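What follows is one structure encoded as structure tokens, with my remarks underneath.
Numbering (the working numbering), first residue to last: 5 to 489.
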């Protein structure tokens, strides 16, 4: 308030004046003696120069019922002081001086505070909706706002990740980057916050990273941080009647209550810790559900306050450890099932190839048996190895060769069908487990290289068996043809 006091003392030594300050303006009113001081031009100019350039100052001197004598930055200081002196000599009643400072936010997102006590007083007297409206209005899509105290005689240095209060050019608060939009999007998926459009804050906006030296200020911001932490972990919440928050939390039990912001009493940051843990990553939905279960079991409503103990956070963490262990067991079980399925598919690939190989063996055995029988019976009946392939035997041999060709085509077609079925089962299973396992696990289990290797194995073996089969038919055809001649 030193800056304003400097202006006042140019005209009066009285300390009896009324000052009010909010987010937008400073309003000072003082009753002057009839013989108030008229400062020198340079003294008044020096006092005015202490007002930050981004802000606009207007000073009104009111004499009786006449129009006020007004000063603003564009007015000549000497003319202003001369006008005041002229009126002072002819007015009987005591004049009044009113000072108004219209505060603006500059390009560095900085807003002035001239009277810290007056500013905090009006802030603490606001309703919940009033506070949120004021903060929303000045924040106006900015990631951060710094309140700069224009008073070198008083030092402040405290704040949140969004609102910093300081009398220094470089505040000592070390800020961690917060992905605000990601947190809000997660909230929209997890809970139903009725006032999301009006008051779209996050708990971090009000959680004091560095506390002030004033207990009432710390309590004020703690209440705001706890209100929004509660909003972010309850199923439904609604800020209503200026100072009330209605919430409904459904866990193992149902908690439904309306709490008063003014009567809210929290001497710890348990709610904020719970919020921070839930929204820190991982499976947010499961973490929120687990937290609500513990809170509804280990909390109570007293005098319209949700009473939590420090042990609630420990209980949540213990429950989460158990949850993780159960999930790990389920995870291992799922991976084992997938591995068993892939092993089974690999076995089916081997069976497919073996089936084609067995068909070739059966075909070869058939021809071997047939031609040995022809040779043996012909030798026994004629007593010699000449003219083995009679006309009838030749036709039968050609018929068997044709049947072998048809059997070959059927075996190849069946193998292709089995291969397509194998690929379909593989892709279907992979897609099914994409909803259960993450992408890295899917890629690790369903390795494309292994899949291609299995398919190449099928193609190579079937090609080999088909080649042998065809060569066998050609050789036998040539033998039958030559011996017939």
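Backbone N, C-alpha and C define an ideal beta-carbon position, used for all residues, glycine too.
Small disclaimer: the values here were computed from a predicted structure and weren't measured.
For residue i, the three-state DSSP class (helix, strand or coil)
i	result
residue 469	helix
residue 451	coil
residue 111	coil
residue 20	coil
residue 258	strand
residue 249	strand
residue 153	strand
residue 101	strand
residue 265	coil
residue 128	helix
residue 27	coil
residue 312	coil
residue 443	helix
residue 158	coil
residue 240	strand
residue 142	helix
residue 484	helix
residue 227	helix
residue 8	helix
residue 118	coil
residue 37	coil
residue 357	helix
Bounding residues of the alpha helix (DSSP H) (the contiguous stretch that carries residue i)
i	result
residue 82	81 to 92
residue 58	Note, residue 58: premise wrong, no alpha helix (DSSP H); not H, not E.
residue 206	Element bounds for residue 206: n/a, residue is neither H nor E.
residue 163	Where residue 163 is concerned, there is no enclosing alpha helix (DSSP H), although the beta strand (DSSP E) it sits in stretches over 161 to 163.
residue 186	184 to 194
residue 419	395 to 437
residue 69	Segment: none, residue 69 is in no alpha helix (DSSP H) and carries neither H nor E.
residue 300	288 to 301
residue 282	274 to 282
Span separating the alpha-carbon of residue i from that of residue j
i	j	result
residue 299	residue 197	19 angstroms
residue 213	residue 32	33 angstroms
residue 284	residue 452	33 angstroms
residue 104	residue 30	6 angstroms
residue 65	residue 92	10 angstroms
residue 114	residue 150	5 angstroms
residue 402	residue 487	13 angstroms
residue 255	residue 264	23 angstroms
residue 342	residue 443	14 angstroms
residue 126	residue 26	6 angstroms
residue 311	residue 133	23 angstroms
residue 290	residue 57	52 angstroms
residue 449	residue 174	53 angstroms
residue 47	residue 106	22 angstroms
residue 467	residue 395	34 angstroms
residue 274	residue 314	6 angstroms
residue 76	residue 11	13 angstroms
residue 433	residue 349	11 angstroms
residue 303	residue 252	14 angstroms
C-beta atoms of residue i and residue j nearer than 8 angstroms
i	j	result
residue 458	residue 353	yes
residue 71	residue 97	no
residue 170	residue 208	no
residue 39	residue 14	no
residue 233	residue 276	yes
residue 364	residue 484	no
residue 162	residue 102	no
residue 9	residue 54	no
residue 257	residue 301	yes
residue 206	residue 177	no
residue 308	residue 238	no
residue 288	residue 190	yes
residue 465	residue 357	yes
residue 210	residue 228	yes
residue 272	residue 128	no
residue 37	residue 19	no
residue 94	residue 84	no
residue 503	residue 408	Missing from the structure shown is residue 503; the chain here goes from 5 to 489 and no further.
Residue i, enclosing beta strand (DSSP E) - first and last residue
i	result
residue 74	73 to 75
residue 213	Here residue 213 belongs to no beta strand (DSSP E), and DSSP marks it neither H nor E.
residue 170	167 to 170
residue 304	304 to 306
Meets three-Cβ-pair contact criterion under 8 angstroms: the segment 239 to 246 and the segment 212 to 228: No, they do not touch.
Cβ contact check for the segment 137 to 147 and the segment 53 to 61: 3 or more pairs under 8 angstroms: no
The segment 410 to 426 / the segment 315 to 328 touching (three or more Cβ pairs under 8 angstroms): No: the two stretches stay apart, fewer than three of their Cβ pairs being nearer than 8 angstroms.
Cβ contact (3+ pairs, closer than 8 angstroms) linking the segment 177 to 190 and the segment 117 to 135: no
Inter-stretch contact (C-beta, 8 angstroms, three-pair minimum) for the segment 469 to 484 and the segment 409 to 418: yes
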